[in-house]
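Working notes, beginning with the structure itself.
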């Protein structure tokens, strides 16, 4: 068995895993204080709840769109670096 076929961690997947880990970790670190920051800027409770509602929906719709664009244009590095 060659060394590359016996490896369980592929470099390409490691980069994607690191990307998702750091993006979710940054949101987990920033998420709890986001409401405090928004309230200090004078937003009402309803406006803050709309912002908190918009974040998951934007992620839900943009991830498949970015994947479609990457597959369609075959420019994976360019699209994923944006």
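Residue numbers (UniProt numbering): 1 to 82.
Glycine is no exception: its CB is placed at the ideal position from the N, C-alpha and C atoms.
Collapsed DSSP secondary structure at residue i in the structure displayed
i          : result
residue 58 : helix
residue 42 : coil
residue 36 : helix
residue 74 : coil
residue 9  : coil
residue 65 : helix
residue 22 : helix
Distance CB(residue i)-CB(residue j) smaller than 8 Å
i          : j          : result
residue 70 : residue 76 : yes
residue 55 : residue 38 : no
residue 48 : residue 63 : no
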